[in-house]
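Plus 10 on top of the position in the sequence shown (first one is 1) and you've got the working numbering.
Data block below; observations after.
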Amino acid sequence: AVPGRENEFRNLYSKIASFVNTGTGSSIYLSGVPGTGKTYTVKKTIESLLNKNPNMFLFAEINGFKLINLDDCYESLCDKLNITISPGSTALTTLQNFFTSKDSKKVVLLLDEIDVLLKHDAEKLYNLFVVAVGNNLNLSEQLDAKTNSRLGAMNIITFPPYSQQNLADILRHTLNEFIKNNKIYVEKSSGSIALFSSSASAKFADRHKFFFQLLKINFSEEAITFLSRSAATSTSDVRTAKGIGFAAIEMV
11 AVPGRENEFR NLYSKIASFV NTGTGSSIYL SGVPGTGKTY TVKKTIESLL NKNPNMFLFA
71 EINGFKLINL DDCYESLCDK LNITISPGST ALTTLQNFFT SKDSKKVVLL LDEIDVLLKH
131 DAEKLYNLFV VAVGNNLNLS EQLDAKTNSR LGAMNIITFP PYSQQNLADI LRHTLNEFIK
191 NNKIYVEKSS GSIALFSSSA SAKFADRHKF FFQLLKINFS EEAITFLSRS AATSTSDVRT
251 AKGIGFAAIE MV
């Protein structure tokens, strides 16, 4: 489950499962302001599907900020799928041959920050089978008629800003999980944080309890409410609220 994005998760899960089961390539666009859980929801959806059947499809992720145009995207996708581009051929032709091969596996591509690429090559988006993530709420205005037709109104999922309750639920879950899975130690002689880990270093501290003390941290409901209210009245960006929570732990 994805706290605060249960409906979007179910919707996305259903659409991807349908695309994969029917073998019909398509595209989904997730829109919303930054920090509303778009990319996280996609990754949790993919994780949930592949946990049920690891061979259901191949998954690749490409970030638009790291590319100049969609031609770079094709080359990056070939690389992530371990597809060799033959001398004299192009990445696009290679991908077309791959997807039309009878032995080809289904592929789900997460194309993050798609807004960046649309500034250059909106007309080439038609050749991709993608779960696209972007901040632009008016994507259709940047796309040609052919691409708009392929997306269709039913394949656009809008992520509204988080409510204060959404943010509180996410912070409560995230911070408690972080505290449970990590150990904070203080050096008894100085009172400073000596170790901040749950791996080998934590085991070392456990064996030397004369020098180190395990610090127990709990976030009160008042703290959760304060963080969630502050985030909700500004940007509703959950990443900012999480960052403040993690910073508070490190400053203890």
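Glycine included, C-beta positions come from ideal geometry on N, C-alpha and C.
- Within 10 angstroms of the beta-carbon of ILE227 lie fewer than 16 other beta-carbons, which makes it exposed.
- THR184 has its alpha-carbon roughly 30 Å from the corresponding atom of ASN65.
- Note that the C-beta distance between ARG239 and GLN174 is below 7 Å.
- Residue environment for THR103: exposed (fewer than 16 other C-beta atoms within 10 angstroms of its C-beta).
- Three or more beta-carbon pairs separated by less than 8 Å link the region 29-37 to the region 106-120, which places the two stretches in contact.
- Note that the C-beta distance between ALA241 and ALA251 is below 7 Å.
- DSSP places PHE222 in the uninterrupted beta strand (DSSP E) bounded by 222-225.
- A contact between stretches requires three or more CB pairs, one per stretch, nearer than 8 Å, and the region 75-92 fails this requirement with the region 46-62.
- For VAL52, the enclosing alpha helix (DSSP H) starts and ends at 48-62.
- Per DSSP, the unbroken alpha helix (DSSP H) holding ASN21 starts and ends at 16-32.
- Under the DSSP assignment, ASN107 falls in the alpha helix (DSSP H) whose first and last residues are 101-110.
- In the DSSP assignment, LEU185 falls within the unbroken alpha helix (DSSP H) covering 174-191.
- In the assembly as shown, ASN176 is a buried residue. Its beta-carbon has 16 or more other beta-carbons within 10 Å.
- In the DSSP annotation of this structure, the continuous segment of the alpha helix (DSSP H) that includes THR235 starts and ends at 231-242.
- Residue pairing by DSSP places GLU71 opposite LEU120 in a beta bridge.
- In the three-state reduction of the DSSP assignment, VAL248 falls in the helix class.
- In the three-state reduction of the DSSP assignment, LEU87 falls in the helix class, which pools H, G and I.
- In the three-state DSSP reduction, ILE254 falls in the helix class (H, G or I).
- Here ILE72 is near LEU121, since their CB atoms are less than 7 Å apart.
- In the DSSP annotation of this structure, the continuous segment of the beta strand (DSSP E) that includes GLY144 starts and ends at 140-144.
- Put simply, the backbone Cα of PRO97 is about 58 Å away from that of PHE229.
- Contact between ILE38 and ASN165 holds: their C-beta atoms lie close to 5 Å from each other, under 8 Å.
- Cβ contact annotation for ALA70 (same chain, cutoff 8 Å, sequence separation greater than five): LEU87, LYS90, LEU91, VAL117, VAL118, LEU119 and LEU120, in chain order.
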